[in-house]
Every structure is written in structure tokens, then in C-alpha cells.
Amino acid sequence: MRIPRTWTPRPYQLGLWRYLQGGGLRADVAAHRRWGKDEVALHWTASRMVTRPGVYWHMLPEAAHARKAIWEAVNPHTGRRRIDEAFPRALRASTRGGDMRIELKNGAVWQVTGSDNYDRLVGASPLGVVFSEWALAKPEAWTYLRPILAENGGWALFLWTPRGRNHAVRAFESRSRDPDWFTLKSPATHTDVFTAEQLAKEEADLVAETGSAEEGRARFATEYLVAFDAPSPGAYYGASLAEAEAAGRITAAPHDPSLKVDTAWDLGIDDATAIWFLQEAGREVRVIDYFEASGEGLQAIVRKALADRPFVYGRHYLPHDVKVRELGANGRSRLETLAGLGVSPVEVCPAANPEDRIHAVRQMIPMAVFDARRCAVGLDRLRAYRKRWSAALHAWSGPVHDGASHAADALGLYALNRRGGSAVKRPVRRREHPLDWMA
């Protein structure tokens with residue numbers, strides 16, 4: 078049976094398809110919505126499974142979303158499930174809906190999974206991996222899988238629509254300069270999926286639906302124009318940082334030896350630890366450096382972040398949970414451990430509502446100068462820090478907890494508690510009784 082069976086690439090997909098057919102192993106495509114990214118990936122994977130039996134994965138950012146996005150997805154043009162179009166039933170030995178797995182009669186296996194649990198797939202040696210919605214995926218998944226694919230001659234395909242200037246954009250820009258990679262940036266203005274009239278209506282509808290010209294246009298630029306520097310939809314600080322950059326406040330902000338350096342921390346154990354380095358000169362806040370680490374102990378963090386920098390420190394702002402005692406540290410708190418490592422004085426900040434921290438950062442950004450080079454990763458995190466979209470309620474809710482949260486929480490901690498700060502601090506109310514809300 079010929080694979081693909083009833084499908085042919087659209088004209089704007091031909092460059093990618095021909096690259097893969099010619100033996101290309103690494104492709105990165107940033108494209109607008111409805112481009113057909115997953116469709117190309119499914120048919121390409123099916124063709125490889127027939128010619129080279131092995132294990133193939135289609136990875137979504139979260140395994141929980143994979144079922145609806147891929148396994149149950151229906152082609153609106155044909156009314157058929159996309160997996161049935163790509164993997165003809167006549168070629169299948171089994172189809173297991175429970176773990177979203179298809180096995181062909183030649184032994185090849187295709188499975189839908191999530192980049193959030195890549196480490197649970199230990200032992201498998203995939204010959205091909207599709208990273209769908211790569212901008213929202215865990216970049217550590219690629220770090221884990223790349224040596225496997227390099228060793229067995231496997232291929233990797235990255236498909237995404239931007240979500241602010243994050244790991245996906247940085248990787249794309251680096252790969253664009255690498256002859257071993259195929260890269261394609263494909264906005265809706267370069268394909269025939271939408272007419273000019275439809276695009277204009279989409280932009281107007283997004284403005285109306287979000288209730289904000291700024292938010293609506295940012296979403297349009299992201300979803301349809303594939304704008305790498307547009308604020309991520311729902312981003313808390315996208316507009317503020319864009320204004321700061323336009324005003325020349327994201328630039329070189331060298332360390333001033335005459336001023337002490339304050340630090341602001343968000344402590345993680347399994348998650349990342351984020352530290353900002355700041356100096357205050359009058360009303361101006363100079364954000365001069367940023368450090369981030371994952372899976373490191375406090376001793377290593379203090380050495381790499383503090384001891385290796387030639388700064389004279391002022392205050393170290395840490396969250397309230399630094400006082401929590403840890404069984405694995407003989408009952409010592411992280412505050413005591415830090416004191417033993419010479420981190421002093423420490424300002425232990427009270428618990429605060431996330432909205433208060435966000436409000437404080439928004440107040441501080443207009444009086445802040447960021448070092449563009451040393452704070453590049455931290456700035457990317459701030460640009461990506463966003464609200465959670467509830468599909469059920471069709472509304473934004475609180476902040477998403479992801480890789481951007483740690484940097485945002487650390488800066489919010491500083492903005493809310495810094496000396497001379499103008500943010501209004503509201504105490505966190507703890508309900509001691511179920512009926513307290515009636516008071």
C-alpha cells in the first residue's frame with residue numbers, strides 16, 4: 078500500500094516534505110494556526126514506519142492534552158479522524174486507545190505522549206520524534222532524547238506557533254545558522270490558507286473578544302503572523318517590557334561598585350531556582366544580572382550565583398517558605414543552611430497574593446533598567462509569564478505555573494518588599510472557618 082495513501086502536501090508544505098524525503102533528520106517549523114503542522118507530521122511518520130520499523134513518538138506539551146489534540150482529532154475537510162487517514166487500518170496489527178498507541182503489522186509502533194513525562198519512557202529508543210506545540214513543551218525533553226536519535230540515526234521534527242521569546246525562539250534562531258537543520262518561519266501572509274479579508278476579520282474579532290486592542294493584536298501577531306517578539310497571549314509583562322525596550326531601558330546596565338547589590342530569590346527543589354541581582358540608584362532600579370539553576374543544592378547555588386560574582390551584597394530577599402525545616406537536612410531550615418553559607422542579611426518576605434506581586438512588578442518596570450545580555454534568560458521568562466486560559470469558562474484565570482514562574486515570582490518578591498518600594502502590600506487572609514467568607 079502506498080503511504081501517504083490519499084494525502085499530498087500543500088504547496089507551502091513542500092519545502093519541508095522534500096527535505097524529509099531527501100533524508101533530512103532535523104527540522105524546525107514555526108507556522109501559523111491551521112498551517113497543517115500535525116497533518117504533515119502524521120503522514121511523514123506513517124511513511125517512515127512502513128520503510129523503517131521501530132518506535133515513533135508524537136509529543137504534545139502535556140500528555141493530558143494529547144488525546145483531544147491528536148488521538149481524537151477529526152479532519153474538518155473529510156470528517157475522518159486524522160490518525161485513520163495517516164495510519165490505514167489495513168496496515169495495523171493493533172490500536173490501543175488507552176495509551177494512544179498504534180502498532181503496524183511490520184512491528185512499527187507509533188504513540189502519542191507528552192513532553193511533561195518524557196523521563197517515564199526510559200528504555201525506549203525512538204527512531205523519530207515529533208515535538209508538537211514545541212513553544213509550550215519542556216525543553217528538557219529534547220535534551221534527553223537528542224543523544225538517542227543521534228546514536229540511532231533518528232529524526233526530530235519541531236512544530237510550533239510562538240508563545241513569546243522563549244526556548245523555542247532561541248533554538249530556532251540558532252538552528253537557522255546551522256546547515257544540518259531545516260528551518261521555516263511561515264506566517265499566514267505567506268500561505269493561501271486565509272484571504273486578506275479573513276485575516277483582517279480575525280484580528281478584529283480577537284480585539285473584540287479579548288476586550289483589549291493591545292491583547293487582541295498581540296494574539297493575532299502571535300497566532301497568525303508568527304511574531305517572535307509579540308507578547309505571549311495573556312502575558313502579564315509583555316506590554317511593559319516592550320515599552321521598556323522601546324525607551325532604551327533594556328540595554329547595558331553595568332554593575333556599579335559604589336552600590337550594594339540586592340538579590341531576590343525563588344527557591345526550587347525539583348523546579349528551578351531563580352535569582353535576580355539588583356541595585357537601586359535613587360528611584361531607578363538597575364537589574365544587572367540573573368541566575369537560574371535546576372536540581373542544584375544550596376551550596377552549589379550559593380557558590381555559582383553569589384560567590385562567583387564580584388559583588389558587595391546588601392539584602393537577600395527570600396520567600397517565607399525558606400523557614401520550613403527539611404527532614405533530609407537534619408531538621409535544619411533552608412534559612413539556616415543559607416546563613417551557614419554566609420548569605421546574610423536575609424529578608425524573609427511574607428506570603429503574598431500573586432496579583433499583588435504582579436501589580437508591584439508592573440509598577441517597578443517603568444523605573445527599571447535591565448541588562449540585556451546578562452538578564453536575557455530572565456527577560457525571556459518574564460515575557461513568557463502569562464495567565465491561564467480556561468477553555469471551559471472562556472476566560473483568563475490566575476498565572477500558569479511553568480518554567481517562567483520562578484523568575485517572575487522572584488522579581489515580584491523584590492518589587493513588593495524592596496526598600497523604597499511604592500507597591501501596596503495587602504496581607505494574605507487565611508480562612509480559619511468555612512463560614513469566614515460571610516464576615
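Quick note, in my numbering, the sequence shown goes up one by one and the last residue is 516. Ideal Cβ positions, reconstructed from N, Cα and C, are used throughout, including at glycine. Here the structure is a predicted model, which is why all the values come from computation and not from measurement.
Asked                                                                                                                    : Found
Anticipated Cβ contact below 8 Å, A277 with T238, distance rounded                                                       : Not quite, the Cβ-Cβ distance comes to about 19 Å (not below 8 Å), so this is no contact.
For R458, the first and last residue of its enclosing alpha helix (DSSP H)                                               : A453 to A461
Extent of the continuous beta strand (DSSP E) run through A341                                                           : V338 to D343
Beta carbon of G311 nearer than 8 Å to that of K464                                                                      : yes
Span separating the alpha-carbon of L222 from that of A170                                                               : 27 Å
Cut-off 6 Å between Cβ atoms - residues of its own chain near F164, not counting five sequence neighbours on either side : A123 and I179
Reduced DSSP category for L102 - H, G, I as helix; E, B as strand; rest coil                                             : coil
Contact the segment 241-250 vs the segment 86-95: 3+ CB pairs below 8 Å                                                  : no
W84 beta carbon near the ligand MN (any heavy atom closer than 7 Å)                                                      : Looking for the ligand MN in the displayed structure turns up nothing, as the structure carries no ligands at all.
DSSP bridge partner residues for A273 (one or two, in chain order)                                                       : Answer by DSSP bridge pairing: none, since A273 is not bridged.
Given G205 as reference, the closest of I147, R363, P216 and G101 once Cα atoms are compared                             : G101
Cβ-based burial, V117 [other Cβ within 10 Å; buried from 16]                                                             : buried
Through-space distance from S371 to A140, alpha-carbon basis                                                             : 22 Å
Proximal residues to I378 (C-beta, below 7 Å), its chain only, five neighbours per side dropped                          : T350 and A370
Limits of the unbroken beta strand (DSSP E) element including P224                                                       : Taken as a continuous stretch (DSSP letters only), P224 belongs to no beta strand (DSSP E), being part of the alpha helix (DSSP H) at E217 to N229.
Simplified DSSP state of W54, which is helix, strand or coil                                                             : An answer regarding residue 54 cannot be provided, because it is not within the stretch 78 to 516 covered by the chain.
Per-residue DSSP class, three states only, for G315                                                                      : helix
Of the residues K182, A461 and R103, the one placed nearest L226, counting alpha carbons only                            : R103
Buried or exposed by the 16-neighbour rule on C-beta atoms within 10 Å, applied to L404                                  : Here L404 scores only 49 on pLDDT, less than 50, and its place in the model should not be relied on; the value that follows carries that caveat. Result: exposed.
Local Cβ density within 10 Å of T299, reported as buried at 16 or more and exposed below that                            : buried
Residue nearest to A201 in terms of C-alpha spacing, selected from S209, V207, V186 and K215                             : V186
Any 3 or more C-beta pairs closer than 8 Å across the segment 290-308 and the segment 445-456                            : no
According to DSSP, residues forming a beta bridge with D176                                                              : According to DSSP, which records beta bridges pairwise, D176 is partnered with nothing at all.
Nearest neighbour of G475, chosen from R458, A445, D433 and T266 [CA to CA]                                              : D433
Touching by the beta-carbon criterion (3+ pairs, under 8 Å), the segment 339-346 and the segment 474-494                 : yes
Cβ shell of K400 (< 7 Å), same chain only, five flanking positions each side left out                                    : S410, L412 and V425
Beta strand (DSSP E) runs wholly inside the segment 361-448, at least 3 long, in chain order                             : 361-371, 390-396, 423-426 and 445-448
Meets three-Cβ-pair contact criterion under 8 Å: the segment 385-395 and the segment 321-338                             : yes
Alpha-carbon spacing of N229 relative to S263, whole angstroms                                                           : 30 Å
Inter-residue spacing [alpha-carbon to alpha-carbon] between W121 and V420                                               : 54 Å
Three-state class that DSSP yields for G184 in the structure shown                                                       : coil
Where A461 falls, given that 16 or more other Cβ within 10 Å makes a residue buried                                      : buried
Minimum C-alpha distance to R157 - residue among P88, T83, S209 and A218                                                 : T83
Exposed unless 16 or more other CB atoms sit within 10 angstroms - verdict on R197                                       : exposed
Status (buried if at least 16 other CB within 10 Å, exposed otherwise) for F182                                          : Going by the sequence as given, residue 182 is Lys instead of Phe. Exposed, since its Cβ has fewer than 16 Cβ neighbours within 10 Å.
Spatial distance of A516 from Y133 (CA atoms)                                                                            : Any answer about A516 is weak, because its pLDDT of 29 lies below 50 and its placement is not dependable; what the coordinates show is given next. When rounded, the distance between both Cα atoms is 57 Å.
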